[in-house]
Structures are given as C-alpha cells and as structure tokens.
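Engineer:
Protein chains in written order, with our numbering: chain A, 8 to 143; chain B, 1443 to 1775.
(1) DSSP three-state label for residue 1775 of chain B, please.
(2) In the DSSP assignment, the beta strand (DSSP E) including residue 1751 of chain B goes from what residue to what residue?
(3) So what does DSSP say about residue 140 of chain A, is it helix, strand or coil?
(4) Measuring only the C-alpha atoms, how far is residue 1755 of chain B from residue 133 of chain A?
(5) Going by DSSP in three states, residue 1747 of chain B sits in which element: helix, strand or coil?
(6) Give me the Cα-Cα distance between residue 1760 of chain B and residue 129 of chain A, rounded to the nearest whole angstrom.
(7) Between residue 100 of chain A and residue 115 of chain A, what straight-line distance do the alpha-carbon atoms span, to the nearest angstrom?
(8) When you compare each of A:126, A:93 and A:137 to residue 46 of chain A by their alpha carbons, which one comes out closest?
(9) For residue 163 of chain A, would you say it is in contact with chain B, using Cβ-to-Cβ distances shorter than 8 Å as the test?
(10) Could I get the ranges of all uninterrupted beta strand (DSSP E) runs contained in the segment 48 to 123 of chain A, with 3 residues as the minimum, in chain order?
(11) Considering only DSSP beta bridges, list what residue 31 of chain A is partnered with.
(12) Can you name, in chain order, every residue of its own chain whose Cβ lies under 8 Å from the Cβ of residue 1705 of chain B, other than the five neighbours on each side?
(13) What does the Cβ neighbour count give for residue 1763 of chain B, buried or exposed, with the cut at 16 atoms within 10 Å?
(14) What whole-angstrom Cβ distance do residue 96 of chain A and residue 32 of chain A have, given they're in contact under 8 Å?
(15) Give me, in chain order, the residues of the same chain whose beta-carbon lies closer than 8 Å to that of residue 1757 of chain B; leave out the 5 immediate sequence neighbours on both sides.
(16) In the DSSP assignment, find the beta strand (DSSP E) that holds residue 1683 of chain B and state where it starts and stops.
(17) Give a yes or no on whether 8 Å exceeds the smallest Cβ distance from residue 69 of chain A to chain B.
(18) Can you list, in chain order, the residues of the segment 1729 to 1742 of chain B whose Cβ is nearer than 9 Å to any Cβ on chain A?
(19) Contact check, residue 1729 of chain B vs residue 54 of chain A under 8 Å by CB: the rounded distance?
(20) Buried or exposed: residue 51 of chain A, going by 16 or more other Cβ atoms within 10 Å of its Cβ?
(21) Are the CB atoms of residue 141 of chain A and residue 1722 of chain B within a distance shorter than 8 Å?
(22) Could you pull out every residue in the same chain whose Cβ sits closer than 6 Å to the Cβ of residue 98 of chain A, ignoring the five residues on either side in sequence?
(23) Is residue 1721 of chain B helix, strand or coil when you go by DSSP?
(24) What is the DSSP secondary structure of residue 46 of chain A, reduced to helix, strand or coil?
(25) Rounded C-beta distance between residue 1713 of chain B and residue 1734 of chain B? I'm assuming under 8 Å.
(26) Quick one: does residue 35 of chain A have its CB under 8 Å from some CB of chain B?
(27) Looking at the structure shown, is residue 1703 of chain B part of a helix, part of a strand, or coil, going by DSSP?
(28) Determine, using beta carbons only, whether residue 108 of chain A comes closer than 8 Å to chain B.
(29) With the cut-off set at 8 Å, would you say residue 1702 of chain B and residue 1765 of chain B are in Cβ contact?
(30) Do residue 78 of chain A and residue 1677 of chain B come within 8 Å of each other at the CB atom, strictly closer than that value?
(31) Do residue 1739 of chain B and residue 1696 of chain B have their C-beta atoms closer together than 8 Å?
(32) Just mark residue 82 of chain A as buried or exposed, buried being the case when its beta carbon has 16 or more other beta carbons within 10 Å.
(33) With a cut-off of 8 Å, does the C-beta of residue 1653 of chain B fall near any C-beta of chain A?
(34) How many Å lie between residue 1771 of chain B and residue 1744 of chain B at the Cα?
Shown next, in the form of structure tokens:
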C-alpha cells in the first residue's frame, strides 16, 4: 500500500513514468483542434496547468515545436488518494506547409488552452493566369 | 396528430360519432334494421363531403342515412343511455358531424371505432370503462388541451412527447381518452432516464472507505461508452485537514460550471468552451472535446461541503473541502 502510494506520488509529480528507464522524461502530447478559415488556420491545444511563462513555441524550419512545463499536479505535503493525470511536461511538434506565413504566427494562452494563429501566405493563395484569345 | 388530440379531448362528440356510425346495433328492432338497410343502400348515391372519403373511413351521418333531420332526431331519441343528444337541436349536431371528420383526417390517420375493433358493443363498453379507470381525472376535467390532461407521471418525463411521436401513426382508437400516452408501458420512458437517476444508480455502487469514481453522461446513458474518455481526469489528495480535488478541465466555461454535493459525494458538471465561430471556417482536425460533462466523486471521508472552496487556474479546477466530524464510537449498553 505504501509502495503504491509513493508510486502514485511519483506519477503525479511527473518524475517517474511507469516502466520507463531511469533518466527519462515524461511528456504529454496535448490534444489539438485545427480550424481553417479563409485567411488563417487556428490551432487549439489543451495544456492545463501551464502558465504563460512556462510555454515555449518555436519555429524550426517547417516545424512548430510546442513545449511547456506543467505545474506539478501533486499538492506538496499531501497524501495522494487517487491519481488520474500527471503533471508531465507537454511536447508536440506540428509540421506546416508552405501555405502558412511563418513570419506572422501568433500564440495566446487562455485557461489552459493554447491558441495558435497561422495566417495563410499570400503566395499560396494562387495566382490567376489570364487566358488570351488566339489571333489568326 | 394535433387535430386528433384535440378531437379526443371532446368526449361528447366522440360518443356522438360512435352513435351515428353504429346506429344499426343500437336500434334493436328488426323493422328498424330493415328500414335502415333499405335506406343505407340508397345512401351511397348521395354526394358526401369530399373530406370524409379521404381518410378511407366509412362514416355515415345519421341525418343523411335516414333522409331527414327529423328522422335522425327521432332515431337518436330511441337510443337509450348513449348521449342526451335529443336535447340539442338536430341541425347543430349535423354541422358538428360535418365539421369534425375534416379535423380528424388532417393527421392522415386511419381511425377505428372501438366497437368495430372489438367486435361487439359490450366489449367496447368494457374497454372504455377500463380506459376510463386508468385515468379518471382526465375524464372528469374534459379540457381540450392535450398537455393539461397528462397525468403527473407522464408530465414528469420530459421525453414523453417524443415517445408520443414515435407511436405507430396508422391506427388510433377513437374513444380512447386523451391521455392514452400515459397508458403506454413505462418501459418506453426508462430508455432515457433522468440524470439524477443515473447519478444515484452510479453512486449506489460505492462502499464505505472506498474512493469510487463514476463517469456519468449528462444526456444519454447509451452514449456513455463512447464519451467516457472525454470526462475530466481528477486527482484526489488528503492534506490531513482537507480533501483536495484537482480536475483537469482546460478551456472550461465558468458560467456553466456547477459543483454540487448531495452530502456524500461531489458532482462536477460543466461545459468546455466551444471555439469561437470563425466566418467560413472548417474544422480540419479534432481531438479535443467540447461536450458537456458530469462527474461524480464519492469521497472516502466525511467532508463539509458547505465550507468547501473552489478555484480555477490555468485549466485546473481545484476544490478544497475541510474534513468533517471524525468517526466516533458508539457505546453499547
């Protein structure tokens, strides 16, 4: 019973993934919704327990890397009775195509939901080619 | 359907219609029957109102069959104990008979008379008494509103109207009282049990000293299996003086959040915010849930929920409830 409690505490702390080799970090992949509007894509990621200072969104080439450090879901000095979610760090990488204007990506964190705004690039909107009539 | 319901709310006109249709059964005397059959042979030649034929029922008007209103009034007065129709003037009864069939047909239903279905007048009378004994209050009131005549049991289930819509539309008994919906087997309504019933049923599995976590759907129990993954995950801690519950609910709409307790368990209900509608936007990828959720936690210790507090920060709902009175010993005398 005691061993199980300490294991629960470790899981809740995000320190010890069950069955993982020592030294491994535990990450959670945040679930995501994507909406496509006329001029932009909007991404919504569930990242509960994350503050604005602890989230980092970086663009590497054509990949957006979202990494966040979660506030431990273990209440210090308290005995865990039941643990379902662990305060693991978040990590997700999203590949973007050439249709996104990578210079104008915006991000906002609100109530544990990270919102990314990816404007569509004008080059990807396509170009209309006028068709001239033949002259004989 | 609406016309039918309204019609059934007027028992006097129903009885009148039955009387007119089955005049031969009631008349009794052989001479009367002969005369009636002679006239009824002539009757089809008479042009009847078009709307009467549309439903496929063969309803004959008394005045039309007998040829005159006076004869109809005389015939009606000979029928004992059905309806005191002789008190009202014959033309008015005729006009009501002309008007009502059209309302009845509006729903496209084929109506059958009780006596026709059951084969005899005695059986029909018995059946009518049985139906009346099921819902005596509605018979006494006799108001035309369908909703007001429902029994309290039928009224309490919000879905009873939906079940009415699902009933086979083709056949309806004409002299059924207006609240025949209540006489349906109650099993039809239990398929969509109220939330409270589902919660109490889930809670009944709790044993003393055990943390029991139940996941109950708000809308329909049949959705339970498919939606269970969307329920908020919770962590429960014991700080010595408090029970601390953390729930993982990112993007929660605080206006919809309700944390309630029945004294034993704690129920968290809410709705995650649906994303703001973008003009012409298409959802291309969906992993998150915005469905309403209910989760009931049964706690292992007595907790004073009246002094509990809750905060919502960064998508984590934290509920702190002080522990209640500890277990005390009862001395055996």
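Note that CB positions come from ideal geometry on N, CA and C, so glycine has one too. Model, not experiment: these values are computed from the prediction.
Structural biologist: So, from the listed chains and residues:
(1) coil
(2) 1751 to 1755
(3) coil
(4) 44 Å
(5) helix
(6) 45 Å
(7) 17 Å
(8) A:126
(9) Given a span of 8 to 143 for chain A in the structure shown, any question on residue 163 of chain A remains unanswerable.
(10) 62 to 67, 70 to 75, 86 to 89, 96 to 102 and 113 to 117
(11) Paired residues: none, contrary to the question.
(12) 1747
(13) buried
(14) 7 Å
(15) 1690, 1691, 1692, 1693 and 1694
(16) Element bounds for residue 1683 of chain B: n/a, residue is neither H nor E.
(17) no
(18) 1729, 1730, 1731, 1732, 1739, 1741 and 1742
(19) Not a contact, Cβ separation roughly 13 Å.
(20) buried
(21) no
(22) 34 and 74
(23) coil
(24) coil
(25) 5 Å
(26) no
(27) strand
(28) no
(29) no
(30) no
(31) no
(32) buried
(33) Bear in mind that a pLDDT of 36 at residue 1653 of chain B, under 50, signals an unreliable position, so the model cannot answer this.
(34) 15 Å
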